[in-house]
Structures are given as C-alpha cells and as structure tokens.
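Protein sequence lines, in the order shown, are assigned to chains A, B, C, D, E and F. Just so we're aligned: 184 in the working numbering is position 177 of the first sequence, and the numbers increase by one with no gaps anywhere. Just so we're aligned: 154 in the working numbering is position 147 of the second sequence, and the numbers increase by one with no gaps anywhere. Just so we're aligned: 202 in the working numbering is position 195 of the third sequence, and the numbers increase by one with no gaps anywhere. Just so we're aligned: 118 in the working numbering is position 111 of the fourth sequence, and the numbers increase by one with no gaps anywhere. Just so we're aligned: 250 in the working numbering is position 243 of the fifth sequence, and the numbers increase by one with no gaps anywhere. Just so we're aligned: 312 in the working numbering is position 305 of the sixth sequence, and the numbers increase by one with no gaps anywhere. By construction, the Cβ of each residue, glycine as well, lies at the ideal position given by its N, Cα and C atoms. Worksheet: the structure to be examined is printed underneath.
Number of protein chains: 6
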Amino acid sequence: MNDMTMDPGIMMSIVEDLSRYSGGFAPLDRQPGCAQPLPSRQIMAAIAEELRSVLFPGYFGRMESTGENLRFHIGAALDGVRRDIQEQVRRALCFACTDSDAVRGCAGRSMEITRRFLSSLPMIQKMLVEDVTAAYEGDPACLSPDEAILAYPGVYALAVHRIAHALFELEVPLLPRMLSEIAHGATGIDIHPGARIGRRFFTDHGTGVVIGATCIIGDRVRVYQGVTLGAKTFQLDDDGHPVKGVPRHPIIEDDVVIYSGATILGRITVGRGSIIGGNVWLTRSVPAGSRITQGSARHEIFQSGSGI
Amino acid sequence: MNDMTMDPGIMMSIVEDLSRYSGGFAPLDRQPGCAQPLPSRQIMAAIAEELRSVLFPGYFGRMESTGENLRFHIGAALDGVRRDIQEQVRRALCFACTDSDAVRGCAGRSMEITRRFLSSLPMIQKMLVEDVTAAYEGDPACLSPDEAILAYPGVYALAVHRIAHALFELEVPLLPRMLSEIAHGATGIDIHPGARIGRRFFTDHGTGVVIGATCIIGDRVRVYQGVTLGAKTFQLDDDGHPVKGVPRHPIIEDDVVIYSGATILGRITVGRGSIIGGNVWLTRSVPAGSRITQGSARHEIFQSGSGI
Amino acid sequence: MNDMTMDPGIMMSIVEDLSRYSGGFAPLDRQPGCAQPLPSRQIMAAIAEELRSVLFPGYFGRMESTGENLRFHIGAALDGVRRDIQEQVRRALCFACTDSDAVRGCAGRSMEITRRFLSSLPMIQKMLVEDVTAAYEGDPACLSPDEAILAYPGVYALAVHRIAHALFELEVPLLPRMLSEIAHGATGIDIHPGARIGRRFFTDHGTGVVIGATCIIGDRVRVYQGVTLGAKTFQLDDDGHPVKGVPRHPIIEDDVVIYSGATILGRITVGRGSIIGGNVWLTRSVPAGSRITQGSARHEIFQSGSGI
Amino acid sequence: MNDMTMDPGIMMSIVEDLSRYSGGFAPLDRQPGCAQPLPSRQIMAAIAEELRSVLFPGYFGRMESTGENLRFHIGAALDGVRRDIQEQVRRALCFACTDSDAVRGCAGRSMEITRRFLSSLPMIQKMLVEDVTAAYEGDPACLSPDEAILAYPGVYALAVHRIAHALFELEVPLLPRMLSEIAHGATGIDIHPGARIGRRFFTDHGTGVVIGATCIIGDRVRVYQGVTLGAKTFQLDDDGHPVKGVPRHPIIEDDVVIYSGATILGRITVGRGSIIGGNVWLTRSVPAGSRITQGSARHEIFQSGSGI
Amino acid sequence: MNDMTMDPGIMMSIVEDLSRYSGGFAPLDRQPGCAQPLPSRQIMAAIAEELRSVLFPGYFGRMESTGENLRFHIGAALDGVRRDIQEQVRRALCFACTDSDAVRGCAGRSMEITRRFLSSLPMIQKMLVEDVTAAYEGDPACLSPDEAILAYPGVYALAVHRIAHALFELEVPLLPRMLSEIAHGATGIDIHPGARIGRRFFTDHGTGVVIGATCIIGDRVRVYQGVTLGAKTFQLDDDGHPVKGVPRHPIIEDDVVIYSGATILGRITVGRGSIIGGNVWLTRSVPAGSRITQGSARHEIFQSGSGI
Amino acid sequence: MNDMTMDPGIMMSIVEDLSRYSGGFAPLDRQPGCAQPLPSRQIMAAIAEELRSVLFPGYFGRMESTGENLRFHIGAALDGVRRDIQEQVRRALCFACTDSDAVRGCAGRSMEITRRFLSSLPMIQKMLVEDVTAAYEGDPACLSPDEAILAYPGVYALAVHRIAHALFELEVPLLPRMLSEIAHGATGIDIHPGARIGRRFFTDHGTGVVIGATCIIGDRVRVYQGVTLGAKTFQLDDDGHPVKGVPRHPIIEDDVVIYSGATILGRITVGRGSIIGGNVWLTRSVPAGSRITQGSARHEIFQSGSGI
C-alpha cells in the first residue's frame, strides 16, 4: 500500500545531501581527459561467465553441442566478449588517464590490449586442462575431470585468476581486481591478480584462501581451505601511508603442499617439495623438503575443562 | 523427454505431505492480526543493490552519469527504494504483530520508519566515504579509493551493515538480519546488524569474519580474514534455552588491529591501540597498547614428521 | 565504440586453438552410448531454488499465500521440478553410461530415480523442521524460527545437503556435487553430498566449514564457522593416484559441539556429548564426554612483541 | 561512445518543462481521496497472459502437464492472478474515487470485485470451449480445435473480451479498456469491453474488426476481417461534447454472418440469420433472413482504365 | 495490500470447475501414443526471432559483427535453433500421432524433418534477398534495402511465411500456423502457411492483408494493405461441416499489382500483368493484362449529405 | 531429446551458404568510413518505451510517483535515453556515411542532434496534451483523458510519430522509420515519419490507417480505422525505378473528418472542414466544406442473393 508519500521537501533534501557527500568519492571529476563512465561490475561478471564457457566449451552456458558445432559457439561467444571487454578496457584506461588529449589513445590502446588478451586465451586454456587434471588426481572424492570443472570452486577461481592475471600483465587498471573479487565472492578464494601461479595448481574447498599480490607459486602446488599467503608487515612512507608495489608475499616453490588454515607471511621462501601442516604459522623461509607441523602442545586433552 | 509422467496419486500424496509437514513452520498462521506475506528475500536483495548504487553514485547500476544528472538517478532510485522498503517494513512489522487491530498501525509505523531510515542515508554515506579512505590507506595493494569501492568485499559488507544497523536501531524485525545475510553470502563477512561499528573501519579479504550481535567497535579498527568476535558462553534459561539479548561479545576500542584467524570471545575489552596477532585465541580483556601473539611453540619445525 | 575490429585471421586461429585444446576435456567424446549434453549448472541452481520454496512453503519464491492455496503452489512448483530434474538426471546417467545401447535405459532409470527422489521430499522437510528448531534454540541472537529459515546460511546449506544426499543415495552421478557446490558458493559451507548427517544439526555462521564425503554425524550436533571434518591422509594406488571411496573422515557421535576453527582429521570417532574447543587440532579418537581445548601456551601475552 | 555530455543546465530546463507541462495530464492530482498510482499496463498484460493459461490449461505458459497435475498449475496461477488483479482493481477504483474518506472503501470493494470476477471464470471458460468449436467448424483451414486455440487471433481476442466484459459488468474503471487494447494491439481486433457478445462467436483473421461499446451480438454470429460495427453519429451536449453512454451501435441477432470489410453503423438491427456481404455499407435495419450484397456496379471491368 | 484472502473453499471450487470444464479442450487426453506437451508458442516466437537474425545476419539480434566473425554467430544461432525446432517438431508430430507405438517414430521423424528444414534455409535466404530488392524498388519512400529489412513489415511477414511454408511442405502439424500467427500479430499481415508465393513478392504497409491457404501467387506480384485473397464459399460435408483441403483461393499470375482494400475471392485466376484497383471486389477470373477498377458511381459528390 | 545430432558437414555447408548469400544484403561492407554496427531495433523499441514514460509521466514504466519525485524519474529516464539515442544516432549516421574520415564527424553530429532532439521534447509533450484532449472529446466511449493515454492506440501512435518526425526533421537516417514501424506493429497505424501532422489530431481504433511520407495534415483533423492517405501513382526514372522524395500524398486542411475505410490518393487537397464518408474513394481535390459520400447504389438490398 503506497497510500501516502514522503514530504517532497525532505526527499529533496536527502537527495541533495547524497549528491553533495558523494563528492567525497568523486569518481568522474578526476577524469579531465576522458570523462568516461567507470567499468561496470555487472558487465565484468558477464564477461567472466562468458569466458568460462569459452575456456570449458560444452560445460557451461548455452553450448549443448558436440564436435564441430562447438566451434561456432566458441567463436560467437568470443566475438561478443571481444566487444564487451574492449569497451571495459577503454573505460578502465580512461579512468586512469589524466591528459585531456588522451581519449583516442585510450581507444587505440584498448583495441591493442584486447587483441593481445584474446590471443592469450588458448595458452590459458592449455594450463586449465592441466589444472583440472591436478584437481582430479589430487582429491579422492573427485570422480572425474568433468566433476572438477562443474563443481570445484578452486578450478573456477583459478580460471578467473588466469584471466585476471593476463589483464594485469597488460597493465589494465581496475578490471583485474574486479574479476578477482567476482571469483572471491563466488568461492571464498581470494587470489590477487598480481600473483604468479605455476602449472597444475590445486586448491580444494578453498574457502578463506588468500593469496597476496606479489606471491610467486611454482608448479604442482596444492593449497587447502583457509590458507593465507600474506604480507607480514608493510612499509609506510613519510606520510604514514603504506608503500605500494613492494614484494611482500611468500615464494612457494614447486611441489609444495599447504594444509588447511596455515598462515605463511612475508617475503619468505618455502622450499621445493615442502609440506606445511594445518594451522601452521610460518614467517621465515624453510628449505626444500621441509615438513612443518604445529607443536604437540595443542594436542593435549583437558577432560575437565568446562568453559570454551 | 517427458514421455511418461508420475502416477498422479503419488504426486498428490507428496504434495499433501509437504503441505501438512510445513505446518511445523506455520509462518502465516501465527499472524492473527495482519496476515501479511513474509518479507521477500529477493526484494531485500534488490533493495541492497539499489541502495549501494545510491550511496556510491556513479559506481554501480545504470548511473553512467556525471555531475548534475547524477542527482536525477539518485532521486529516482531512492524513490523506488522508498516504496519497496516501506512495503517490506510493513510486512516485517505485521509478522511480529499479534493484535488483530494492528494492521493500520503497521502501515503507519512502516511509513514513519521509512522516513527516518531514508533520512539517515546521508550520514551513512558520510561514514562510508571515510571507510573507503581507510581501505585505500590500509592496504598497499589498493591503488585508488575507486578500487576499494568497486572490488573490496569489506567495503560492500560494511555498507550493507550500516544500512542494516539503521533498520535494527529502528527496531524493524527480520529485515536487518536478511540484509546482513545477503552481504555474508556475497562476501563471507558475517556482521550481525546489532553490532555497533565506529568510523574508518576496515576489513581486508574478510572471508570468515564473524562479528557478534552485541559487539562494540571503536574508530579506526582493522580486522583481517577469519577473525571471530564471538560469544564465549551464553546463559540458559530454566528451560535450557539460551537467553536472548544479553551483552556477550567483545568491546574493541579505537585503533585496534586484529590479524587473520584471531578469535576473541566473550564480553571482554581489547584496549585502545592494541594489536592482536594472527590465530590468537583471546578470552580475557587486555589493556590499551597490548601486543598479543601466539606462543612460540607453534613455530617448531618437525622435519621428519610424515603424516599430516 | 566498436570502430575497428580484430583481424579475422587471428580470431579464426584463436577459435581454432580453443577448439583443439578443449579436446583435453573432451566431455562429450567419452559418451559413445548416449551423447547427451552435460547437466546444466544453471538449471541445477534453479532446481535448488525451487525446491527451497517447496520445502519452506511461504518463505521463498512467489508463494505469498496462506493455508489452502499454498497447496497449489507446492504442487505446481513440484511438477515443474519433476520435469527439470528428470532431464538432468537423465543427462547425468548418460554422462556416466558407456554402453551404446543404454540410451533408453537412462531415460527409464531417470524416471524411476525422479519418482523416488520426489517421494523422499516429505521426510526431508520433516528433518528440516527439526533443524530449524535446532537453529532457533541454538543461537541466542535468533529471535524466531522464521529468522532461521530466512537468514541462516546453515539452514540453507543443510536443506541443499539433504536434497543432494538423497540424490547421492540414489547413485546419480555429478548432480549431488553440483548442488553441494551451489550451496558452498552461497554460504561458504562445503558439505560433501556423501556425508551422513543426523537430526537437529546446526551450524552457525558457517563460513569455511568443510565436511568430507565419508563423514558420519549423529543427532543434535552443533558446528561453528571454520570447522574442518577432513581426511588426514589418503591411500595412493600403484600409480600414485588417490584411491577413491575409502572411509577417511571422522565419525561424530550424538550431542557433540565443535567450536570455530577446529580441525578434526581422519577416520576417528568423537564420542557422544564431547565438546571440541575452538581452533583445536584433533587427529585421534576421543571418548564420550570429552572436553578438548588447545593447550594454554597460546594464551601467553607478549606485550612487547613488535612485528606481527 | 559517451565522451561528452549535455550541458546540465539545458538538461535541467528540459526536465523542468516536462514536469510542468505534464500538469496538463495531472493524473495524480485529481485523486484527493486515495492518491494511488495508476493501474499498470504491464501488469494488466501479465494478468491477461496468466488468465489465458488458466482458461486454456495445457496450451500456454509453463503448464506442460497432464491430468491431475494441471490442477496445481491452475490453482497457483489463479492465486497469483488474484493478488495482482485485486491490487489493480483497487488502483482503478481509487483513480475514480473522489471522496477523501474512500480509501478503505476502495480496498474493500476491490476484494469483493476480485472474488466475484474469479467466480465468473468457469462460466467464461465454458463459453470459450464453445467459441473454439465454432472456430474449428467455421474455417475449413482449421485442422483441429487445438489449432484454433494456439493460432487463431479471434479466439484470443474473444477470451480477453470475455474477461474484460466481466470486469466492465462489475463497474471497474479503466481496466476493461486496458485489457481490450492489449488484445487489439496483439490481434488488430478492437472489441469494446461494453459490447455484449453471445455464444459460439467466431471472427476469422480479424484484422481491422471494430465492435463498439453498445453493440449487442447474438449466438452463433460469424464476423470476418475489417468489419465495423460502429456508431453513425453521436449526440453532442450543449458544450458540443459527445454525450457518453447512449446506445449507438448495432444489434446483431443470432446466426448472422458478416463478410469482410462490411460496415454497419448506428443503433440498427440485423435480423436473425441474415448474411451481410463483403464491403457492404449498412445504416438501416434489415429483417431476419436478409441477404445483403453491394450493387453490381462495382463488378464492371474497365479494361482500358489507366490510372489507379 | 493483500490484507485478506479469499475463502479457500470458493477458490478450490473455482479451480475444480476450471479443471473440469477444460476437459472440453482435452488436448492431452487425445494423445494415447506420445503424451507429449503441446508445442510452445513462446519457443516458436523465439525460433522465429532467431531465424530472422540468421537469415538477415548483422541486422537483428546480438550479431554486431563484420565479415568472418558473422559466420560464428550464424553457426551458433543455427545450432541453437536446430535443437529447439527439433523438440517442437517432435511435440507437434506426437500431437497428431495416434498409434501408441509411435513415440520413437516421432523422435526419428523430427530429426529428419529438422535436417531437411535447415537445409532449405539458404534457398529461403536467396529468395529474401530478392524480396528485399523488390521492396526497395517498389516503394519510393524506401531509401535503402537496409531500411526495407529493418522497418518493412512485409519483409518480416514474408520471411516468416517462407519459413512456415517450408515446415508446411514437410507436413509438420501446428507449427506452421503458429508461426504465421506470430507474424500476423506483429504486422497485421495474415498469410496462411499453405499459400505458395513466387519470387520478388512485395506487400507495402500490409495491415489487413489476408492470403488464404490454397493461394498460388506468381513472381513479381505487389499487394497493398487491406487486400483479401480469400475463399468465396466453401463446401459443406453431409454433417454441414466445411470440407477441408479443397482449392478455394485465387491464383495470381506473374507481375500482378493489387491495390489497397481489393477483395479477390474464390478459385479464380488473375491473369499475368493485371492491375486490380483499390477496393475492387472480384469473384471471377480476368485475362492477362486486365485493368480492373470500381465503377465510377462511387466518385459522386453529395455536397449536402449531412449524416455519415 | 537431443540424442543425435546433425552431420557436422551438412551444418558447415548450410552456415557457409548462409554467410555467402547474405552478401546480397552486405550491410556492413558498404560502410568504408565508419564500419559501425547497424542501429538496433531492440534498443529503438526500448527508447520508444522510455520516451513514452517521460512524455506521459506517471502513466507508464516504474514511475509510480507523485508531484516532486516525478521530476527525478523524468530526469533519470531522460538521461538514460540521452545516452542510448546518441549511440543509435551515431550508428545511423555512420550507416549513411561514405567518407572514410567521417567517423569523428558522425560522433560529433550525433551529439548535436541528440541535444536538439531532447530540447524538442517539451514542445512534443505540449502537443500531446492537446492530442489527448482531442481523443477524450472526440469519442463518447472515452471516459477520461487518462483512459485515452492508457488505452488508445491512436494516442500512442501519435506520440511515437511526433518523436520520429522530430528525428526525421533532424535528418537522421533509418531511426525514424524504425520507430514508426514499432508503432505500426503495436497499433496497426502506419504513419510515415515524414508526414506533417497539426495539433489535436485524433485517430480512433486506427487499425489499417496509412499516412504517407509527404502528407500534410492541418489542425483538429479526425481519422478513423482503415483510412489510407496514399500516393496514386509515382514517377519512374529512366531505369524504371520510382523517383524518391516527390510530393505525392494528400494535403488535409484543418477540421476535416475522414470516416473509416476511406481512401484518398495523390497530391490533392481536402478543403478545410470537409467530411469524407466511410469507404469513399477520392482522387481529386475537394473544396472547403465538402460532404463526400459513396453513391447510394451500394445500399440496394438483394434479398435472394445466394452466393457471397
């Protein structure tokens, strides 16, 4: 029942305030050159969805097809993605662009970036084929590679990461982080697009996994739920603000396994083939072949403990 | 292929059972006064989305606009929200309303509540401007305030929380929790709408954060993923049921930092400026300026440990 | 601006590569018998949504109805689900079907399975009525059973689990895991459809909860956020691949409470009425009535600790 | 490309003008009593669609069902229509309502009207069963009654008319004409909701058919495309405005056939069993059993006629 | 406001009546063999839309593409249409199928029909290229062939007709008429799918055009709005029902022009190159080269005529 | 059932043919300068819908608002239309643009055109206020101006025409005709955007009305269903093609009434205040105050006429 309405004067004043205070964000005022709208989260989400159906053809979207016909669907989806992503890249470039003559430059660069991004998709797909195998082989509960594709959050998060990382490498602003947050929201796996992740990576369950922006991860690494690969501290500049861009996250070498809830902080190295136990807290480098577990103290049983 | 269909008799009997057993929930039977449908989760989600585009104008939704025109979009969106939320508030009031003459009372109260809620939006926006700054300044990986708005789950969860808390303060049943769960589902950050959170709050990554209903959090607090601010125990009444409404969650004073995985339980106080280390388990108050870390026992390395 | 387009030759070659590399997945080639499309994640998500509105009638979907009319909505929704799920079951059976004459067998079996699945819904609803009561009684912040239905992720995850488990028991491939991942994505609660969970189960907050495929959980169990009921190790076969289907997850007996962040691994038994404290790491069986907490070492305070 | 935007001042002034000039319509200002929004054309269209699926169960909408299950779909659709139409009737009553105390009266009357309207649906369906038979028997190109339901515009227009006429009889403002225009837009058949049409009515092709507000049509009448049953003149009042509500359209008795393009004007009577030929222009009554054709003059052939 | 609801007993009784009376249609009871749902009007409309974008690539739908990429979109759209139309053909065959063993026959025939239908599309497109040229050349107001494709109802109606006619030739029940009615509803042009229409056909404006089931139309024919090519009378069988399938509509030879409002009835022949003037009523054959106009009587002016 | 699929080779060959034959249209190849996609019919339809809600605020769309708030909705809708129409105008200009340096020219001109178009909307609205009054006063069945807005196809067709005509005057290619065909499809009223129509125009019922491109219509003219204001003949150029742009449709002076089915052809003038009777065929000018009816011959009754 909309019987009565608000006093228009109050409404006007609220709108007025909201318009004024939003000056605190002022996203558009800062773009004297391009004056474009910001990239759209909704469209980036659609692009992520479409790319998933392109990279795993036959598994998602409207591609209920076989063999040759699949090619049409891949081509049509890719052609659509091409247009959408080029527009979003252009907006993102304009967002970061300060010179008032730069508009056409942004348009041209967005085309070039799109071209290079699309050209990297086959290689990304090749890596995902291996990642899927790693998931299938790494989890006894996984009954087929198809199940890994259709139902493993780690495979989805990794697919989005490899896409976001490619855009990150092409120095596109904003979009890589928007993509990684889309995957984070859907899976609870938070991989910064700057992270470099090798082949056959597998993360099972995945909720709460955090992989920082300057992480370097080798091949055949396995990571379980709740693992943090984070920064220990970060430098502050003279104004007390954190310095951006400094390497501050771990290097994980090939064939490392990190069990659930482990926390690995700072620019340390976990040597090849190491196993980091569940809930371990690690802030210094360990050599190849290490086996790290928590102290046994935690295993004590206090039968009579009442409070929790 | 729908060649054959189920025996209608079986179908009838399943429907019959489902109708009968659903009496166990009986949501509508308990409303002798108003007999309204329950609030709609789908519409609450749409309201959350619309309010986000109002509070961060130019960042979300269809508002690809600049300067003055933004005002139209804010006004139009707000006018739509006004109608929708008034209807949902009315339903929520009717849900909790027991007296059979109370219908018109619910309609009138929902209007008054809506008016007050909308009037609080500019103040909420003002706080969010500061929260965004806190996110930008608190994370070296964050390259602009815009990135914080577009891609930080903590900013979104906090925006929804500040909205939900405003409705909670207006004593609206059901809706605040529905909103907080919408944010929880999208981000993994679970803030009870009853929690009181000060200015410039920042939570990074956020997955697994739990902030209880009676928490009180000061200004400039930072919280990382997997942190629990929970209850230690709760009182049971004579029937063995938990007593509702008792203060049972921590008080976190200004300028506290709580690192990932820390668990802080009970009505204790973490003094101003304290730093609580990762994975710390804390169940008693600590004074201002405390630095709490886990014991070093966990840092031991057991090179020969075989099974994990 | 779509002013210019990509060189068609490059585009062709990308599509060609994507088509070829996708042979690494080859989902359809392996189905010489049925050659059906794979089950659709989107439709499974719609089925989960529709079933939720059937099991909690009046709380979700378009069912803003009372009393008798509810019956029509339940029947109509169920009849729609019947068709959709039968088709998805058929696709899932065909996916796993190897014999080229099996097509009609898959169609027939999908009908029989659908019949049995639908017939199990009233029993599932009956259990959910109890689960909702457990949530209401288990959390002092929960003000009504309706709030538990509308806003508790644990209730939703459990509803989907009970559905997925029913399909798992009927030996349907793929679909149960697709369903459990839909709930995992929405709630952060990851329950393998194979897990057997007793009555009045309650998980609060839930983010990061992992419950493995061969878990057996008794009645009246409570589990908080971040709890893992996982495998400690798993057997490898002669090729170094994990052996599938071996019991490897815990047995949790009746009336156990497991607090947040606890990790319980391996085919061990937690005896009836035990309480497992937060962050506890447990890899061996404990008798009935145990109270397990972490060692006190972690409670030490290091006031002067600088770096985190 | 949204590179540049309009001068906000111009935009403001356009909006200002549009707001001011729209005062010429002022739909809402005239409702001092109820101040409701107007009925929604979009929702009326949805209601027409839903009612079609209820009246022809199994032919439209999501009702791909057989036998008993159909009942659920009919009930669910009808329950949805009930809510929607009650709200639209209330708006329509409020629109026409002038007394400031009348709000609750409108709510109550809308409920009573909805009740009576729904109760008339079975009778409407009964008439439509006969109308479908008339279409099947009246057109040699129609191969089954099902084809008449699925593909004959006359059947659809008549179904909507019978619905609109029921609301017209219940003295609901606005809605009947909105419904008839929905059918007119879809079929080119324009039947005023006030027209009274007997059983087994059939109009083939139908484009351009116009049937006026005070027409009375008997049973078993057939009408072809382009037929007008209109007013010849209408009375003007002292201000020169047409007097509303005066009988001014033809009475067509039982068993009359009117061929394409015929125009019948004024409050005349076409006697039972008459046949009115194509393109005939008729402005006076004809007795039962008449056969009216155009004069033969028009049949002359002018072989050498050059201009068209 | 849904404050009060209808007495459930009345509701039940209405649903009961609607279910019972709908037995008058009984669409499904008559299909002892296949028991399939009826074809879906909504899906047929989507198929028409998709086929339009395939036949006029680049003009409709999401195909904002050039050159080579267009191929992907055509292929993807066609592959989607293939699946949808095969399912609808199967339903239509089952609808008309009476033998209880015929299910598999319908499935097989639907595949064969779909194959043949798709194979006819290039030829249909070839004809449409010519039809578009005819429209462009036939109307001085048409400024480009593209305008004819984008904005001429006659081109759309003809495209749908050529599709519907192909299905008619393949003896598919129901679907051809459903398609022709979709075009009729959108354009006011009613062409029965059985009509045979030659090359370079053009109908301008088109509203009210009716072309009967057994019409045969030559090449380069032009037809204006309101033209009827209908049956004069039709035979009745011994029961007084019209005999189906008898040739009863005109034959229009090559290069005929028929101006607006002309009515041509019966199995007569309009000879090659004839011109039929506006509003002419013609019920006998005319030789090649005829010029037919109405008698001049109608041109008289009655200055003093008062009533209309 | 998608059990089997088409031979990919056949599919490939169909796609190949469709791609090749579509070269007959070649919409994009002809744009060497801009190479833009064509304007989108779907978006033009959305623009028409949005503009209707702007011109009749409170009657359509989501604007269920009163007084002041309406302003926000008008502004927001207009700002959205601004972006959409500017993009479509740019595409339309590029479509007609032949010089390869003209891209930026098209972008700039589309902005200027959009500005001028939007500035003309208040004047259009002012005219529509009068048109609505004319409808209300012209039809005794019309009970309020609101009914005319909500349910009269003539009002809708005229609103779209006034919009399309404004774009026509601004020399935008394609879009005006696309708009007029959208209104034609919805109402059966076909007004060429070039036609100049005075104030207080009213067309009742409207199905089959055709108003040609070079018509000039004065103030207070009334036109009924099935009226054609067309061309009699048109000039052919040396190639036998019609010459475009020549005045060839009637001039209708102020206060003329034209009854249903009348056909008026050629560049003739119908003098002020004339009344043209139903079905009249008129191909020469008539002076002011004429009363034209058909000869009486047609009123003869042939009682014994058997055939129709």
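Residues of the segment 78 to 94 of chain C with a C-beta less than 9 Å from any C-beta of chain D: ARG78, PHE79, HIS80, ILE81, GLY82, ALA83, ALA84, LEU85, ASP86, GLY87, ARG89 and ARG90, listed in chain order. Segment contact: the segment 159 to 169 of chain D against the segment 133 to 140 of chain D, three or more CB-CB distances shorter than 8 Å; contact assigned. At least one beta carbon of chain A lies nearer than 9 Å to the beta carbon of C:ASP197.
Close to chain B, meaning a Cβ-Cβ distance shorter than 9 Å, are the following residues of the segment 211 to 244 of chain A: THR214, GLY215, VAL216, VAL217, GLY219, ALA220, THR221, GLY233, THR235, GLY237, ALA238, PHE241 and GLN242. By the neighbour-count criterion, in which 16 or more other beta carbons inside 10 Å mark a residue as buried, B:GLY296 falls on the exposed side. Counting only Cβ-Cβ distances below 7 Å, D:ASN286 has no contacts in chain C at all, with the closest Cβ about 49 Å away. For D:VAL263, not one C-beta of chain E is nearer than 9 Å to its own C-beta. By the rule that beta-carbons nearer than 9 Å mark a contact, E:PRO64 does not touch chain C. Between A:ALA99 and A:VAL179, the gap from beta carbon to beta carbon is short of 9 Å.
Ranked by Cα distance from B:VAL250, the options B:ILE259, B:THR240 and B:PRO257 are led by B:THR240. Rounded to whole angstroms, the gap between the alpha carbons of B:GLY237 and B:SER281 is 18 Å.
Rounded to the nearest whole angstrom, the CA to CA distance from C:ILE299 to C:ILE271 is 11 Å. Sequence-distant Cβ neighbours of F:ILE218 in its own chain, meaning closer than 6 Å and more than five residues away, are ILE198, ALA202 and LEU236. For a Cβ distance threshold of 8 Å, residue set SER267, GLY268, GLY285 and ASN286 of chain B lies close to A:THR270, ordered along the chain. Per DSSP, the continuous alpha helix (DSSP H) segment holding A:ARG48 begins and ends at 48 to 62. When secondary structure is reduced to three states using DSSP, E:PRO249 falls in the strand class. Proximity of B:GLU188 to chain A, defined by a Cβ-Cβ separation below 9 Å, is not satisfied. Here F:ASP246 is exposed: its Cβ has fewer than 16 other Cβ atoms, across all protein chains shown, within 10 Å. When only Cα atoms are considered, C:PRO15 and E:ALA84 end up about 19 Å apart.
A contact between stretches requires three or more CB pairs, one per stretch, nearer than 8 Å, and the segment 148 to 163 of chain D fails this requirement with the segment 114 to 123 of chain D.
Here F:PHE124 is not bridged, per DSSP, to any residue. Residue pairing by DSSP puts D:ILE283 in a beta bridge opposite D:ILE265 and D:ILE299. DSSP links C:THR235 through a beta bridge to C:VAL217 and C:THR270. In the structure shown, C:THR240 adopts coil according to DSSP, grouped into three states.
DSSP places B:PHE209 in the strand class (E or B) of the three-state scheme. Looking from the CA of C:VAL22, the closest CA among A:ILE50, A:ARG291, A:MET130 and A:THR276 belongs to A:MET130. Per DSSP, the continuous alpha helix (DSSP H) segment holding A:ALA171 begins and ends at 160 to 176. Minimum Cα-Cα distance from B:LEU25 among the listed residues C:SER126, C:ARG48, C:ILE50 and C:ILE92 corresponds to C:SER126. Check the Cα spacing between C:ARG123 and each of C:ARG78, C:PHE79, C:CYS101 and C:ILE170: the tightest is with C:ILE170. The shortest C-alpha to C-alpha distance from B:ALA173 to any of B:GLU75, B:ARG97 and B:THR121 is the one to B:THR121. Legend: CB atoms of the segment 149 to 166 of chain D lying less than 7 Å from CB atoms of chain E belong to residues LEU150, PRO152, ASP153, GLU154, ILE156, LEU157, ALA158 and PRO160. Across the set D:ARG229, D:PRO44 and D:THR276, the C-alpha of D:ARG229 shows the shortest separation from the C-alpha of D:GLY285.
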